[in-house]
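Chemist: When we follow numbering that gives the first Met the number 0, the leftmost residue of the sequence shown carries the number 0, and every step to the right adds one.
Dropping the structure in here first, questions after.
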Amino acid sequence: MKLRTKLIVFSGFLVALSLVIAALLLLFFEKQFLLKKARENQANVSENFSRVCKEAVINDDDILLVNYLDSLKKDKMVAYAAYLDDKNKIIAHTQPKLIGSFSGPDESRKNITEVSAPVIIGKKKPGIAKIGFSKTVIDEDINQSLRLMLNRIVLASFVVFLIGILVSIIFANVLNKTINLLVNGARAIGGGTLDQQIKINSKDELGELSKEFNDMALKLKELDQMKSDFVSSITHELRTPLAAITGYSELLLEEDISETVKKYSITIRDNGLRLGNFINNILDLAKIEAGELSISKQEGDIIKLILETIEFFKPLTMKKRVVLKLANNADSLFIRMDSDKIRQVMINLIGNALKFTPEEGEIILKIEPDEIGKQIKIGVRDTGVGIPVGQLEKIFDKFYQVRGVTAKGTGLGLSIVKGIIKAHGGRIWAESKEGKGSEFIFVLPV
Numbered sequence: 000m001k002l003r004t005k006l007i008v009f010s011g012f013l014v015a016l017s018l019v020i021a022a023l024l025l026l027f028f029e030k031q032f033l034l035k036k037a038r039e040n041q042a043n044v045s046e047n048f049s050r051v052c053k054e055a056v057i058n059d060d061d062i063l064l065v066n067y068l069d070s071l072k073k074d075k076m077v078a079y080a081a082y083l084d085d086k087n088k089i090i091a092h093t094q095p096k097l098i099g100s101f102s103g104p105d106e107s108r109k110n111i112t113e114v115s116a117p118v119i120i121g122k123k124k125p126g127i128a129k130i131g132f133s134k135t136v137i138d139e140d141i142n143q144s145l146r147l148m149l150n151r152i153v154l155a156s157f158v159v160f161l162i163g164i165l166v167s168i169i170f171a172n173v174l175n176k177t178i179n180l181l182v183n184g185a186r187a188i189g190g191g192t193l194d195q196q197i198k199i200n201s202k203d204e205l206g207e208l209s210k211e212f213n214d215m216a217l218k219l220k221e222l223d224q225m226k227s228d229f230v231s232s233i234t235h236e237l238r239t240p241l242a243a244i245t246g247y248s249e250l251l252l253e254e255d256i257s258e259t260v261k262k263y264s265i266t267i268r269d270n271g272l273r274l275g276n277f278i279n280n281i282l283d284l285a286k287i288e289a290g291e292l293s294i295s296k297q298e299g300d301i302i303k304l305i306l307e308t309i310e311f312f313k314p315l316t317m318k319k320r321v322v323l324k325l326a327n328n329a330d331s332l333f334i335r336m337d338s339d340k341i342r343q344v345m346i347n348l349i350g351n352a353l354k355f356t357p358e359e360g361e362i363i364l365k366i367e368p369d370e371i372g373k374q375i376k377i378g379v380r381d382t383g384v385g386i387p388v389g390q391l392e393k394i395f396d397k398f399y400q401v402r403g404v405t406a407k408g409t410g411l412g413l414s415i416v417k418g419i420i421k422a423h424g425g426r427i428w429a430e431s432k433e434g435k436g437s438e439f440i441f442v443l444p445v
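This is the structure we're talking about:
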């Protein structure tokens, strides 16, 4: 699960949990408030009934008492109301048939709450006023109020939950965007783009992290530049003595020398040329990285160039019994290119294919112009060992060599090839299946 999703889910869960707890607390305190209000109401009704009973006794006004009892009957919370004298005889009752008796209905049952208030006149207590309140009705009223409140809470909670989720999504997107900048920056640096800088204008920990990241990238770039400058300087210094070594070995070969000395001179010359080629590759790569690679485009026949390169490799292909051919039948195809640089590309790609293709294998070259004639696609396919999928994106990095193969090179050729193709406004990539071979494909504008 992605961090953005985790953050939204966690925030949603936290908001929902908070709303549930808040709703339960609100319902609890609301119920306590309603119960307290009901008790206060019962006390007020009982007190008023006691006062009416007192006035009725003082004024000997039975009609006042009867009328008040009739009004109490209309209150659904009142189960009964009665006035009893000091001998516990019922003087007035909401149920007239009980008047005069000394025993009323079972007023002690659980669903009735009885509230009594003495009737006091001076120092005498001529009677007592009793009211029975229905617990069922009171509980139903309280529950109805709670249900109404719960409906409001649910509606409000739903709105708050949606707002919370929306805020979480916005916050998660902002945070995710910042993290993605860091991830992409790290990926770019891992891919060799050391001038990568991240712009995060925040003063929190992520802002500090981005600042440290940028400082790290600058230091890496400085170190890489120092390394490149050092290598470039060393290679420049090596060219002169190396040219002297190669030159003197050539002069020795022109002299009348023994076969042993001749053999040693050839070895010195060949290794000097090989080392010189390596130095030239390093210098070319330094120019590519500095953006100083000189490209001189002119109209040239790409098919002729490829056929000449095939002819160049003919001795090696015959020795290794490898088929090297161009699949296209076209005689010529003119494009704007730097012929020397594209020839270098083809020599490198075909040379690599020969290196990794076993005896009696084949290397097929293809040229495919696009439908609108704006670019051409050139492919070099071999039947070699192939390249693991996980290494396809790395093979164009400088000094990188495919792991698990015996044939090795300097690791510079494909980096130079990529730089040359890019300088022509094209692109290059590789496709491969382990054990079945690889194909290097590049596209050039016409």
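Even glycine gets a Cβ: it sits at the ideal position worked out from N, Cα and C.
1. Looking only at its chain, what residues have a beta carbon closer than 6 Å to the beta carbon of Lys1, apart from the 5 residues adjacent to it on each side?
2. Helix, strand or coil, according to DSSP, for Lys324 in the structure here?
3. With distances taken Cα to Cα, identify the nearest neighbour of Lys365 among Glu298, Gly418, Phe441.
4. Can you tell me the Cα-Cα spacing of Lys5 and Phe170, whole angstroms?
5. How big is the Cα-Cα spacing for Glu249 and Thr266?
6. Just mark Arg380 as buried or exposed, buried being the case when its beta carbon has 16 or more other beta carbons within 10 Å.
7. Rounded to the nearest angstrom, how far is the Cβ of Lys340 from that of Ile419, given a contact under 8 Å?
8. My understanding is that Ile197 touches Leu180, with C-beta atoms under 8 Å, so please give their C-beta distance in whole angstroms.
9. Measure how close the beta-carbons of Leu83 and Ile127 come, nearest whole angstrom, since I'm counting them as under 8 Å.
10. Once you ignore the five residues that flank Ser338 on each side, which residues in its own chain have a CB closer than 8 Å to its CB?
11. When the Cα atoms are used, what is the spatial distance from Glu106 to Phe27?
12. Tyr399 by DSSP, collapsed to three states: which one?
13. What is the DSSP secondary structure of Lys226, reduced to helix, strand or coil?
14. Alpha helix (DSSP H) containing Phe32: first to last residue?
15. Tell me, please, which residues DSSP counts as bridged to Phe277.
16. Put Asp138 into one of helix, strand or coil per three-state DSSP.
17. Quickly, what does DSSP pair Val344 with across the bridge? List them, please.
18. Using the rule of at least 16 other Cβ atoms within 10 Å of the residue's Cβ for burial, across every protein chain shown, is Asn183 buried or exposed?
19. What's the call for Gln31, buried or exposed, on a 16-neighbour Cβ count within 10 Å?
20. Could you tell me the boundaries of the beta strand (DSSP E) in which Ala80 lies?
21. Should Val166 be labelled buried (16 or more other beta-carbon atoms within 10 Å of its own) or exposed?
22. Is it a yes or a no for the segment 81-98 touching the segment 53-68, going by three-plus beta-carbon pairs under 8 Å?
23. Would Gly131 pass as a contact of Glu113 if the rule is Cβ separation under 8 Å?
24. In or out: Met447 buried (at least 16 other Cβ within 10 Å) or exposed?
25. Thinking just about the alpha-carbon of each residue, which of Leu34, Glu29, Lys261 is nearest to the one in Lys134?
26. Does Leu13 pass the burial test, meaning 16 or more other C-beta atoms within 10 Å, or should it be called exposed?
27. Provide the residue(s) that pair with Glu430 in DSSP beta bridges, ordered along the chain.
28. Quick one: measure Cβ to Cβ for Ile386 and Ser431, integer angstroms, because I've assumed they're closer than 8 Å.
29. Can you look up Leu443 in the DSSP assignment and give me helix, strand or coil?
30. Alpha helix (DSSP H) containing Val416: first to last residue?
31. Quick one: residues in its chain with C-beta nearer than 6 Å to the C-beta of Val344, no 5 flanking neighbours on either side, listed in chain order?
32. For Ile164, which residues in the same chain have their Cβ closer than 6 Å to its Cβ, ignoring the five residues on either side in sequence?
33. Put Ile244 into one of helix, strand or coil per three-state DSSP.
34. Take Leu272 as the anchor and find which of Leu292, Lys286, Gly246 has the nearest alpha-carbon.
35. Among residues of its own chain, excluding the 5 on either side of Asp194, which ones have a beta-carbon nearer than 7 Å to its beta-carbon?
36. Are Leu353 and Leu325 close, meaning C-beta to C-beta below 8 Å?
Modeler: A quick look at the data gives this:
1. Here residue 1 corresponds to residue number 2 of the sequence shown, with the count starting at 1. Excluding sequence neighbours, Lys1 sits near nothing in its chain.
2. The count along the sequence shown starts at 1 and reaches residue 324 at position 325. The three-state reading of DSSP puts Lys324 in strand, counting E and B together.
3. Sequence index remark: in the sequence shown, residue 365 carries index 366 (1-based). It is Phe441.
4. Against the sequence shown, residue 5 aligns to sequence position 6. Against the sequence shown, residue 170 aligns to sequence position 171. Cα-Cα distance, rounded: 12 Å.
5. Indexing the sequence shown from 1 puts residue 249 at position 250. Indexing the sequence shown from 1 puts residue 266 at position 267. Glu249 and Thr266 have their C-alpha atoms some 11 Å from each other.
6. Locating residue 380 in the sequence shown gives position 381, where the first residue counts as 1. Around the beta carbon of Arg380, 16 or more other beta carbons lie within 10 angstroms, which makes this residue buried.
7. Here residue 340 refers to the residue found at position 341 of the sequence shown. Here residue 419 refers to the residue found at position 420 of the sequence shown. Going by Cβ atoms, the distance from Lys340 to Ile419 rounds to 5 Å, so yes, they are a contact pair.
8. For the purposes of this step, residue 197 is taken as residue 198 along the sequence shown, with counting starting at 1. For the purposes of this step, residue 180 is taken as residue 181 along the sequence shown, with counting starting at 1. About 5 Å separates the two Cβ atoms, so the contact holds.
9. The residue given as residue 83 occupies position 84 in the sequence shown. The residue given as residue 127 occupies position 128 in the sequence shown. That belief holds up - the Cβ atoms of Leu83 and Ile127 are roughly 5 Å apart, short of 8 Å.
10. Indexing the sequence shown from 1 puts residue 338 at position 339. Take Ser338, set aside five residues on each side of it, and the residues of its chain with a beta-carbon closer than 8 Å to its own are Gln297, Gly299, Leu304, in chain order.
11. For the purposes of this step, residue 106 is identified with residue 107 of the sequence shown, where counting begins at 1. For the purposes of this step, residue 27 is identified with residue 28 of the sequence shown, where counting begins at 1. Only weak support is given to the placement of Glu106: the predicted model assigns it a pLDDT of 48, under 50, and the question is left unresolved by the model.
12. Your numbering for residue 399 matches position 400 in the sequence shown. Note: Tyr399 maps to coil in three-state DSSP.
13. Reading the sequence shown from its first residue, position 227 is the one you call residue 226. Judged by DSSP in its simplified three-state form, Lys226 adopts helix.
14. In the sequence shown, counting from the first residue as 1, residue 32 sits at position 33. Note, Phe32: alpha helix (DSSP H), 2-57.
15. Counting from 1 along the sequence shown, the entry for residue 277 is found at position 278. Looking at the DSSP assignment, Phe277 forms no beta bridge with any residue, so it has no partner.
16. Here the question's residue 138 lines up with position 139 in the sequence shown. Asp138: helix per DSSP, three-state reduction.
17. Walking along the sequence shown from the start, residue 344 turns up at place 345. Per DSSP, none; premise fails for Val344.
18. Translated into positions along the sequence shown, residue 183 becomes position 184. Exposed: under 16 other Cβ atoms inside 10 Å.
19. Numbered from its first residue, the sequence shown carries residue 31 at position 32. Only exposed fits Gln31, as fewer than 16 other CB atoms lie within 10 angstroms of its CB.
20. Here residue 80 is taken as the residue at index 81 of the sequence shown, counted from 1. Annotation for Ala80: the continuous beta strand (DSSP E) segment containing it runs 77-84.
21. Along the sequence shown, one-based indexing puts residue 166 at 167. Around the Cβ of Val166, a 10 Å sphere holds fewer than 16 other Cβ atoms; the residue is exposed.
22. As far as the Cβ criterion goes, the segment 81-98 touches the segment 53-68, which means the pair count is three or higher.
23. Sequence index remark: in the sequence shown, residue 131 carries index 132 (1-based). Sequence index remark: in the sequence shown, residue 113 carries index 114 (1-based). Contact: yes.
24. Because residue 447 is not part of the residues shown, which for the chain are 0 to 445, the question remains open.
25. Working through the sequence shown from its first residue, we reach residue 134 at position 135. Measuring from the Cα of Lys134, the nearest candidate turns out to be Leu34.
26. Along the sequence shown, read from residue 1 onward, the residue named residue 13 stands at position 14. Here Leu13 is exposed, its C-beta having fewer than 16 other C-beta atoms within 10 Å.
27. As a working mapping, residue 430 is identified with position 431 in the sequence shown. DSSP output for Glu430 lists Glu438 as bridge partner(s).
28. Along the sequence shown, read from residue 1 onward, the residue named residue 386 stands at position 387. Along the sequence shown, read from residue 1 onward, the residue named residue 431 stands at position 432. Right, the Cβ-Cβ distance comes to about 4 Å (below 8 Å), so this counts as a contact.
29. Reading the sequence shown from its first residue, position 444 is the one you call residue 443. Strand, per DSSP.
30. Translated into positions along the sequence shown, residue 416 becomes position 417. From DSSP, the alpha helix (DSSP H) with Val416 extends over 412-422.
31. Numbered from its first residue, the sequence shown carries residue 344 at position 345. The beta carbon of Val344 lies closer than 6 Å to those of Val416, Ile419 in the same chain, with the five residues before and after it left out.
32. Within the sequence shown, the letter at position 165 stands for residue 164. Taken in chain order, the residues that qualify are Gly11.
33. Sequence index remark: in the sequence shown, residue 244 carries index 245 (1-based). Residue state, collapsed to three classes: helix.
34. For the purposes of this step, residue 272 is taken as residue 273 along the sequence shown, with counting starting at 1. Checked all of Leu292, Lys286, Gly246; the closest Cα to Leu272 is Gly246.
35. Working through the sequence shown from its first residue, we reach residue 194 at position 195. The answer, listed in chain order, is Lys220.
36. Locating residue 353 in the sequence shown gives position 354, counting from the first residue. Locating residue 325 in the sequence shown gives position 326, counting from the first residue. By the CB criterion at 8 Å, Leu353 and Leu325 fall outside the cutoff.
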